[in-house]
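Novice: Before anything else, here's the structure in question.
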Amino acid sequence: MPDLMIAFSAAVSRKNGFIVLETYYTKQIGVSKAGKYKGGSITAADVLNCLPIQNASRDVVQKWFAEFAYQIGKNSFYVTVENFRKLHHLLASSPMIFLDHADASLTLISKIEEKPGRKRAKQQYSIGNCLFSCFSDGTLCIENRPGAASHIQALCPKPHLSYSTTDQAYSLLFEYGGEKAAYMDKGLSVKTEDGIYLRNFQYESRTGQELQEKGFLKLTKGRYAYSGRRDRSALHTMLSEMGIILDDDKSTIIPNIKITRRESGWFEVDLSYNIGDRIINLASQIQLFAQKNEMEVGDKRIVLPDSVIQAKDDFVVKGNKLYLHQKHIFQLLRLIYNSGSSITDFFPYADVKPALPEPVDKMALPYQREGIQWLKFLFLNHLGGCLADDMGLGKTFQVIAFLEDNDVKKHLQKVLIVVPKSLLTNWKREFEKFCSNYRVGIYHGNKRSELDFGKCDVIITTYNTALLDKEYLDHKGFTIVVLDEIQTVKNYKSITSQAIKEIHAEMKIGLSGTPMENGISELWNVMDIVNPGAFPGHSAFLHRYHDRNYDELKEILNLFILRRMKKDVLKQLPPKYEQIIYCDMDIAQRRLYTGINIAVKSAISRLKIFAAPVVLKGLTLLRECCCHPLLLDDTINVEGVVDSCKLDALKILVADLFESGHKILIFSNYTSMLHLIRQELEKRSEYKANLFYLDGKTQQRNLLVEQFEKASAGIFLISIKAGGVGLNLTSAQDVIIYDPWWNPFVEQQAIDRAYRIGQQQAVNVYKLVAANTIEEKILDMQKDKEQDFEELINGISTDKNIDLNKILSLL
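So this is what it looks like as C-alpha cells:
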C-alpha cells in the first residue's frame, strides 16, 4: 500500500489568495534530518476516492476532506486557515503534511504556531490576509494581518458552449460571478469584483463527461468537436435540457444541405441558407470559397461544412443545383451524413433480391441471406466491402452463394480468391461441398504455370504467390477478387499489400473476423484495398478520424463493412462458457520470475525511446517463465527450475475432461511449449494413443483434422497461429488456451475452431493464467483491444499505441 502525502502548495496558494492543499501517493514517505522529503516519485491522488494507505486511516482522511475541504481540482482542495490547523492536529502522529515551496522543494510541517517570536524566518509567503513564515525546525507560523479579507465563495457555475469557426470546435466555459473560466485550464479560482469564486471541479468534470455522452468529442484545452448532426435547433434543445447555454454568433450562417438521388449514379445537392423569407442558393457561388470554408456576404459570414469544401472540385454545377457522382463515394457519404440524412436511406441493400439456385437458397440461414444481399448490392453499385462476421458464421458460404446468384453470374468473367496457404484446399472443397458448377483451379507452387486459366472460372492462390505474380494475375482481367483473412495485408506499407492493390478487378471483397486488429490505420488499408482511391489518403484519414468524428466514420463504414456477432444471429447455437484458471507459482518459479521481472523493468526504464527488440525480448522472457521455466536458456534459469504451475494445472484439467469422454483442443503460442505438453501427456498410454499435433510445419493438415473429427476420443495440440484459421473442429467441446496472447481476436479465432456452425454441444473454454504475473496484465490489455474493435465496427473507436509507460505498467 502507498503512503499519502498532503502538500500545502505555497505558490498556488499565493496565486489564488487562499490555502490550496494537494494530495499525492508515494511509495513511502522519508524525511531527512533537515526536514526535507526524500521519498520516491509522487502521483496525484483524489483523496475523496482514496486507495488503501499505510500511514493513516483512509476512512478518517476521506471523511475529513469530504466535510472540511472543498475540491477545486483532481487532487487540489481549498481549506480555511482554521481547518488547516485542525487537519495538522488530526494527523500530527504521522509525518505526512509538507510545505511545497515555490522552488518545488518539500519540507515537513512539524508544528503550527501563531507568532514567530524572535526566530528569523527561512521563507515567508503572503496568502490572502495571512503571512505564513517557515522556520528551519519545521515550524509554520500563521499571522493574521490588517485589512479586509477577500470574500471566498463556492457556487454551482453556469456552463457555456462557444463555437469557434476558426478551428470548428466548441469551447466549454463556466461562468462564476459574471466571469468565465475555460474548462480544463489550470486556474483553481475566479476573481471578480465581488471576491473569489472557487472552481467547482466535480460539477465541471461531470458536465464535460455528459457532453461526451451526448456525442461531443473531447479535444485539448477544454474544447470539443460535435460528431452529431449539424442541426442548430436540435443542438440548442439538447444543450438546454442539459442546462448548458449555447453562445451563438448571430452573424454566422451554416447552410442547409439536402441530397436527392437521381439516375445513373448522380446525386443532386441543394446548398442554401435563409435570410428572413429569402432562400439563398449557393450553387453558383461554390467556387468563390476557394480553399477556405467561409465567405463574407454583407454583415454575414457564410461557413461551409468541411464535407462541402472537400467535395467542391468534384461538383458539377447545373443552374442552381450541384451534382455529385457516386464514383466520389466518400465525399458523397460525408455530405449525406452532414445533411442529417441516413446513409442507408440512399443505399438500401435490403431492397436487393437474391436470385439463388434452389439448393443454395435452401441452405442459407436468414442472416446469411442478408450477407448475400449486401454483397450483391455492392456489386451492382460498383463498390467493394469487407464481410466481417464473427468466426464460424459461414463467410465462405456467403461468398460462394453470392457468386452463384444468377444476376451476378451474367457479369462474371473470372474470380480470383487470395487466401493464406493453409486454406487453399479448404476453399476448393467448399466449392465442391456446395455443389458449385464453377470450375475451380489452385494457382500455387513450382508447377503453377501449368494451370490452364482458360479451363477455370475461379482461381485460388496465396498472398505470397499474388505478390510474386502480380503483373501476370492483373492481366487476367478478373471481375471479382476475394481476399480471405484480409488482415494478412493490414500493413499499408507492406509489399504484399501494395501487390494486392495492383491486381485490378471490378469488385474486391475482404473477409475477416478481425479487420481492425491493431488500429484505425489497418482499417484504412482494408478500405483502400476493397475500394481503391475512394477514401482519402492515409495521413488525411488518420487526421480526420484519429480520436475524433467517430459517429461520422461509423455511419460511413456501415455501407462497406457488414459485421454480425454470433451471439446475435445464432440463437440456436449451444452456449459457450469461459473460465479463467489462475495458477500459483511455487517458490522456485516465483523467485525466477521476480528476478527476470526486475531485470526487464530496469532495462526498459533506461530506454529514452521505444526500442522494440529490448521490450519484446523482456516481455517474451516473462511469458516463457509463466509457461514453463524449461523454455528459458540455462543462462537465465541458472537454478535449473523444472516445475511449472500451469503444466501441473493442465494435467489435472486434461485428466478430468478426458476421463469424462470429452475431446479437447489445447492452444499455445509456443511450439516449444506444445512439445513439452506432448512429452508430458505421452507418459500416459491412453493419452498417447489419442494425441494429435499441428503447428506451422505440419503437412496434410486437412487429413489430420478429418482423423480427429472421426475419432471417438482425442487431444489436439495446436499452435495458436498455425491453427487459428481454416480448421473446423466441432467434435471438440473443450478448448484450453495455455497462454494468453495480446490480441484477443487471435484467441477468439482459436476458440471458434470448435464454437461454430455444426457444433451441437456446449463449448467450455479454459484460460490458464499464472497469478500475479504479466499474464494477468495481458488479460486487461485484451479488454482494451476488444473494446477498440467493438466500438469502431459496432460503435466508435480510437487508435491505441503502447508507449513505454504502458509497457512498464505490465511489469
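Numbered continuously in the working numbering, the sequence shown closes out at residue 999.
Quick reminder that beta carbons are idealized off the backbone N, C-alpha and C, glycines included.
1. Based on the DSSP output, what are the partners of Ile463 in its beta bridges?
2. If you follow the beta strand (DSSP E) that Thr650 is in, where does it begin and where does it stop?
3. Once DSSP output is grouped into helix, strand and coil, what is the label at Trp454?
4. Using 8 Å as the threshold, is the C-beta distance between Ile668 and Val603 below it?
5. If you scan the segment 367 to 444 from start to end, which runs of the alpha helix (DSSP H) of 4 or more residues do you find wholly inside it?
6. Are the beta-carbon atoms of Leu639 and Leu671 separated by less than 8 Å?
7. For Arg752, which three-state DSSP category applies?
8. Helix or strand or just coil, what does DSSP make of Val269?
9. Alpha helix (DSSP H) containing Lys876: first to last residue?
10. On a Cα-Cα basis, can you pick out the residue from Ala257, Gly884, Ile217 and Gln341 that is closest to Val208?
11. Rounding to the nearest angstrom, what Cα-Cα distance links Ser856 and Leu915 in this structure?
12. Between Ala959 and Val829, what straight-line distance do the alpha-carbon atoms span, to the nearest angstrom?
13. Any idea which residues DSSP pairs Leu956 with across the strands?
14. Within 10 angstroms of its Cβ, does Ser197 collect 16 or more other Cβ (buried), or is it exposed?
15. Below 8 Å CB to CB, which residues in the same chain sit around Ala1000 once its five sequence neighbours on both sides are set aside?
16. Thr918 and Gln936 - do their beta-carbons sit closer together than 8 Å?
17. Whole angstroms are fine: how far does the CA of Lys402 sit from the CA of Glu979?
18. Determine the closest residue to Ile768 out of Lys955, Gly573 and Leu279, with distance taken between C-alpha atoms.
19. Return the Cβ separation of Thr214 and Gly227 in integer angstroms, given the expectation that the two are a contact with Cβ distance under 8 Å.
20. Taking all protein chains shown into account, do 16 or more other C-beta atoms lie within 10 angstroms of the C-beta of Asp247, making it buried, or fewer, making it exposed?
21. Please go through the same chain and pick out, in chain order, the residues whose beta-carbon is closer than 6 Å to the beta-carbon of Ala195, but skip the five residues on each side of it.
22. For Asn679, I'd like the list of residues in its chain whose CB is within less than 8 Å of its CB, leaving aside the five on either flank, ordered along the chain.
23. Would DSSP call Leu835 helix, strand or coil?
24. Below 8 Å between beta carbons: does that hold for Leu279 and Ala244?
25. To the nearest angstrom, report how far apart Tyr631 and Leu655 are at their CA atoms.
26. If I follow the unbroken alpha helix (DSSP H) through Tyr525, where does it start and stop?
27. Which residues in the same chain have their Cβ closer than 7 Å to the Cβ of Ala309, if we skip the five residues on either side of it in sequence?
28. Please classify Val131 as buried or exposed, where buried requires at least 16 neighbouring CB atoms within 10 angstroms.
29. Just to check, is the beta-carbon of Ser377 closer than 7 Å to a non-hydrogen atom of the ligand MG?
30. Between Tyr765 and Ala950, which are expected to be in contact by the criterion C-beta below 8 Å, what is the C-beta distance as a whole number of angstroms?
31. Could you say if the segment 532 to 539 and the segment 562 to 576 meet the contact criterion of at least three C-beta pairs nearer than 8 Å?
32. Going by DSSP, what residue range makes up the alpha helix (DSSP H) through Arg489?
33. Would you call the CB atoms of Met284 and Met193 closer than 8 Å?
34. Considering only the alpha carbon of each residue, which of Arg466, Ala471 and Glu451 lies closest to Asp458?
35. Lys755 to Val934, Cα distance in whole Å?
36. Measuring CA to CA, which of Pro334, Pro347 and Ile517 is closest to Asn569?
Specialist: In this structure, then:
1. Here residue 463 refers to the residue found at position 275 when the sequence shown is read from its first residue. Looking at the DSSP assignment, Ile463 forms a beta bridge with Arg466.
2. Against the sequence shown, residue 650 aligns to sequence position 462. From DSSP, the beta strand (DSSP E) with Thr650 extends over Val646 to Thr650.
3. Sequence index remark: in the sequence shown, residue 454 carries index 266 (1-based). Correct three-state label for Trp454: strand.
4. As a first step, residue 668 is located in the sequence shown; it is residue number 480 there, counting from the start. As a first step, residue 603 is located in the sequence shown; it is residue number 415 there, counting from the start. Contact flag set, yes.
5. 389 to 401 and 420 to 430
6. Here residue 639 refers to the residue found at position 451 of the sequence shown. Here residue 671 refers to the residue found at position 483 of the sequence shown. Not in contact: Leu639 and Leu671 (Cβ atoms no closer than 8 Å).
7. Mapped onto the sequence shown, residue 752 falls at position 564. Correct three-state label for Arg752: coil.
8. Taking the sequence shown and counting its residues from 1, one reaches residue 269 at position 81. Helix.
9. For the purposes of this step, residue 876 is identified with residue 688 of the sequence shown, where counting begins at 1. Per DSSP, Lys876 belongs to the alpha helix (DSSP H) from Ser873 to Lys876.
10. As a position in the sequence shown, residue 208 is number 20, starting the count at 1. For the residues Ala257, Gly884, Ile217 and Gln341, the minimum Cα distance to Val208 belongs to Ala257.
11. Counted from its first residue, the sequence shown places residue 856 at position 668. Counted from its first residue, the sequence shown places residue 915 at position 727. Just so you know, the alpha carbons of Ser856 and Leu915 end up roughly 16 Å apart.
12. Taking the sequence shown and counting its residues from 1, one reaches residue 959 at position 771. Taking the sequence shown and counting its residues from 1, one reaches residue 829 at position 641. Cα-Cα distance, rounded: 18 Å.
13. Position 768 of the sequence shown, counted from the first residue, corresponds to residue 956. Looking at the DSSP assignment, Leu956 forms a beta bridge with Ile769.
14. Counted from its first residue, the sequence shown places residue 197 at position 9. By the 10 Å Cβ count, Ser197 comes out buried.
15. This structure cannot settle anything about residue 1000, because the visible part of the chain is limited to 189 through 999.
16. For the purposes of this step, residue 936 is identified with residue 748 of the sequence shown, where counting begins at 1. For the purposes of this step, residue 918 is identified with residue 730 of the sequence shown, where counting begins at 1. Result no, Cβ atoms of Gln936 and Thr918 do not sit closer than 8 Å.
17. As a working note, residue 979 is residue 791 in the sequence shown. As a working note, residue 402 is residue 214 in the sequence shown. With a pLDDT of 48 at Glu979, under the threshold of 50, the modelled position of that residue is not reliable, and the figure given next carries that caveat. Spanning the two alpha carbons is a distance of roughly 16 Å.
18. Reading the sequence shown from its first residue, position 580 is the one you call residue 768. Looking from the CA of Ile768, the closest CA among Lys955, Gly573 and Leu279 belongs to Lys955.
19. Walking along the sequence shown from the start, residue 214 turns up at place 26. Walking along the sequence shown from the start, residue 227 turns up at place 39. The Cβ separation is near 5 Å, so the contact holds.
20. Residue mapping note: residue 247 aligns to position 59 of the sequence shown, counting from 1. Label assigned to Asp247: exposed.
21. For the purposes of this step, residue 195 is taken as the residue at position 7 of the sequence shown. Glu210, Phe286 and Asp288.
22. Position 491 of the sequence shown, counting from 1, holds the residue named residue 679. Closer than 8 Å at the Cβ level, and outside the excluded window around Asn679, lie Ser685, Glu710 and Asn713.
23. Working through the sequence shown from its first residue, we reach residue 835 at position 647. Three-state result, Leu835: helix.
24. Here residue 279 corresponds to residue number 91 of the sequence shown, with the count starting at 1. Here residue 244 corresponds to residue number 56 of the sequence shown, with the count starting at 1. Yes.
25. Along the sequence shown, read from residue 1 onward, the residue named residue 631 stands at position 443. Along the sequence shown, read from residue 1 onward, the residue named residue 655 stands at position 467. The straight-line gap from Cα to Cα measures roughly 13 Å.
26. Along the sequence shown, one-based indexing puts residue 525 at 337. It spans Ile517 to Asn526 - the alpha helix (DSSP H) in which Tyr525 sits, taken as one unbroken run.
27. Here residue 309 corresponds to residue number 121 of the sequence shown, with the count starting at 1. Answer for Ala309: Ser321, Cys322 and Phe323, listed in chain order.
28. Residue 131 is absent from the model: the chain starts at 189 and stops at 999.
29. Because no ligand of any kind appears in the structure shown, any question about the ligand MG cannot be addressed here.
30. The sequence position of residue 765 within the sequence shown is 577, counting from 1. The sequence position of residue 950 within the sequence shown is 762, counting from 1. Contact holds; Cβ gap of about 7 Å.
31. yes
32. Taking the sequence shown and counting its residues from 1, one reaches residue 489 at position 301. Counting along the chain, Arg489 falls outside any alpha helix (DSSP H), though it belongs to the beta strand (DSSP E) covering Lys488 to Val491.
33. Residue numbering aside, residue 284 sits at position 96 when the sequence shown is read from its first letter. Residue numbering aside, residue 193 sits at position 5 when the sequence shown is read from its first letter. Yes, the pair counts as a contact, with Cβ atoms nearer than the cut-off.
34. One-based indexing of the sequence shown puts residue 458 at position 270. Considering only alpha carbons, the answer is Ala471.
35. For the purposes of this step, residue 755 is taken as the residue at position 567 of the sequence shown. For the purposes of this step, residue 934 is taken as the residue at position 746 of the sequence shown. Spanning the two alpha carbons is a distance of roughly 18 Å.
36. Residue 569 sits at position 381 when you count from the first residue of the sequence shown. For Asn569, the nearest C-alpha among the options comes from Ile517.
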